[in-house]
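Counting from 20, one number per residue, gives the positions in the sequence shown under our numbering.
We put the CB at the ideal spot given by N, CA and C, even for glycine.
Comments concern the structure below.
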Amino acid sequence: MNNSIIKNLEWMGALCDTNNNLYNKYSSIIHIDGTSRTQIIKNKDSLTYKLLKNLKNEGSDILVNTSFNISKDPVVFDLFDAYVNMKRMNIKYILMEDGLFETRNI
20 MNNSIIKNLE WMGALCDTNN NLYNKYSSII HIDGTSRTQI IKNKDSLTYK
70 LLKNLKNEGS DILVNTSFNI SKDPVVFDLF DAYVNMKRMN IKYILMEDGL
120 FETRNI
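Now the structure itself:
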């Protein structure tokens with residue numbers, strides 16, 4: 020695979036065709052045209068990589084990752100934005116580069 024494509028996949032910057040096995044298993048989370056916005060995690064020391072490895076050991080093939088914003092709002096920009104939107108969307112936990120966070124009342 021081309022290095023520029025790999026770099027784009029690190030940030031979910033490209034669409035990929037989904038193979039039939041994954042499409043049949045996860046059709047509810049795959050785009051109508053059979054594509055998905057795939058992400059590659061290269062840093063084996065990252066929390067996300069370790070989480071994915073543990074999920075794989077438990078039998079999960081994927082972790083659903085999506086943009087963090089309410090429809091028509093911009094994507095969350097900072098921790099304050101994240102907290103406000105977690106409250107608005109009734110999200111209890113969020114996994115970020117710095118760790119797993121739980122929404123609490125301030």
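Quick one: what's got a C-beta closer than 8 Å to CYS35's C-beta in the same chain, skipping five residues either side? Within the sequence shown, residue 35 is the residue found at index 16, counting from 1. Closer than 8 Å at Cβ, skipping near neighbours: LEU28, THR54, SER55, ARG56 and THR57.
If I measure Cβ to Cβ from LYS111 and keep anything under 7 Å in the same chain, skipping five residues before and after, which residues do I get? Residue 111 sits at position 92 when you count from the first residue of the sequence shown. The answer, listed in chain order, is GLU121 and THR122.
GLU29 by DSSP, collapsed to three states: which one? By 1-based counting over the sequence shown, the position of residue 29 is 10. Here GLU29 sits in helix by DSSP.
Alpha carbon to alpha carbon, how far is ILE24 from ALA33? Give it in angstroms, no decimals. Translated into positions along the sequence shown, residue 33 becomes position 14. Translated into positions along the sequence shown, residue 24 becomes position 5. Across the structure, ALA33 and ILE24 are spaced so that their CA atoms are roughly 8 Å apart.
Where MET115 falls: helix, strand or coil (DSSP): Here the question's residue 115 lines up with position 96 in the sequence shown. It is a strand residue.
Based on the DSSP secondary-structure assignment, which residues constitute the bridge partners of SER86? Residue 86 sits at position 67 when you count from the first residue of the sequence shown. Answer is none; SER86 lacks a bridge partner.
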